[in-house]
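Have a look at the structure below before the remarks.
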Amino acid sequence: MTSLRTTGYALFTLLTLLQPLSAAPKLIINPETFDFGEVPSGESVQATFTLRNAGDEPLHINHVRTSCGCTTSRLDKRELAPGEETPLTATLSLRNRSGPQHQRVTIASNDPDAPSRQAHIQGTAVQYLTLTPSAVLLFSAPQGQSITRTLSLHSENQTPFQLLSIEVTHPNLTVAVTPVSPSSYRLALTIPATWPAGRINESLRIHTDHPHVPILTCSITGTLQTGDNP
């Protein structure tokens, strides 16, 4: 009887000693992959992941890193008690992007089994309408002369659309629109000779009736220099 009691007490003591050794935080990501399907190029995609501590010790998230500067992240909490969860939001910009996309968000934590885990964002950026060039850059352009730049707007799959209107951020900017085909337009942007020397930071907002691309934006940046500048 004494031997049984001694053995039982020893087993209980051993289990008690081993229990803290098995306690640990455990990071679970849901979903592990966010598929946004098809989104027009130029827009942004917001993916929300849930981070949960499925372990029995506090989980500390050391850092969150994205695989590209086109993706930003926001984490509400970095310390999670056992059973607690928090949202992780990642925003992917599809500006100047087309075709299949795949970005990673890496989460580093004190999970001993997986100190670094990844969430994935995937889908396709569809280039319904293309503006060429996508931005107007003026490098040391001469002041005192009228400057005209030509842009082309067309449908990638030849689907007809209408250009409804163009907004300019400065009243002295003018844009002449010439239809080329039911799915293509030519735009002539003119900066008048009276525009003062110095930096230019303006833009166009092009409104269309395309169901996927109602608005396109074109930036106009650069510098106008007088003849006195070297």
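All letters in the sequence shown, in the order written, are residues -3 to 226 by the working numbering.
Glycine included, each C-beta is placed from N, C-alpha and C at the ideal position.
No experiment lies behind these values; they were computed from the predicted model shown.
Whose C-beta lies closer than 7 Å to the C-beta of residue i among residues of the same chain, with five residues either side of it excluded?
i	result
Asp136	In the sequence as presented, Asp is not what sits at residue 136; that position holds Ser. Closer than 7 Å at Cβ, skipping near neighbours: Thr219, Gln221.
Ala112	The sequence given here has Ser at residue 112, not Ala. Thr102, Ala104.
Cys64	Gln99
Arg61	Thr102
Ala193	Gln139, Leu220, Gln221, Thr222
His59	Ala104
So, for residue i: in the same chain, excluding its five sequence neighbours on each side, which residues have a beta-carbon less than 6 Å away from its beta-carbon?
i	result
Arg48	Ile24, Glu81
Leu14	Note on Leu14: pLDDT 48, under 50, position unreliable in the model; the coordinate value appears next. Contacts found: none.
Ser94	Ser37, Ala121, Gln123
Thr174	Arg182
According to DSSP, is residue i part of a helix, a strand, or is it coil?
i	result
Glu53	coil
Ala121	strand
His208	coil
Glu81	strand
Asn26	strand
Ser215	strand
Asn92	coil
Thr126	strand
Thr102	strand
Thr222	coil
Thr87	strand
Keeping to the same chain, check which residues put their C-beta closer than 8 Å to that of residue i; ignore five residues upstream and five downstream.
i	result
Pro210	His203, Thr204
Thr67	Ala86, Thr87, Leu88, Ser89, Gln99, Val101, Ile117
My guess is that residue i and residue j are in contact by the Cβ rule of under 8 Å, so how many angstroms apart are they, rounded?
i	j	result
Leu84	Pro54	The Cβ separation is near 17 Å, so there is no contact.
Leu227	Leu159	Because residue 227 is not part of the residues shown, which for the chain are -3 to 226, the question remains open.
Val132	Leu212	That pair is no contact at about 13 Å.
Using DSSP bridges, identify the partner residues of residue i.
i	result
Ala115	Val101
Within the stretch 131 to 188, ranges of the beta strand (DSSP E) (whole runs, at least 3 residues):
Segments of the beta strand (DSSP E) lying fully in the stretch 131 to 188: 131 to 138, 143 to 151, 159 to 164, 170 to 177, 180 to 187.
What residue ranges within the stretch 28 to 74 form continuous beta strand (DSSP E) runs of no fewer than 3 residues, ordered along the chain?
Secondary structure within the stretch 28 to 74: the beta strand (DSSP E) runs of 3 or more consecutive residues, fully enclosed, are 29 to 36, 40 to 49, 55 to 62, 67 to 71 (chain order).
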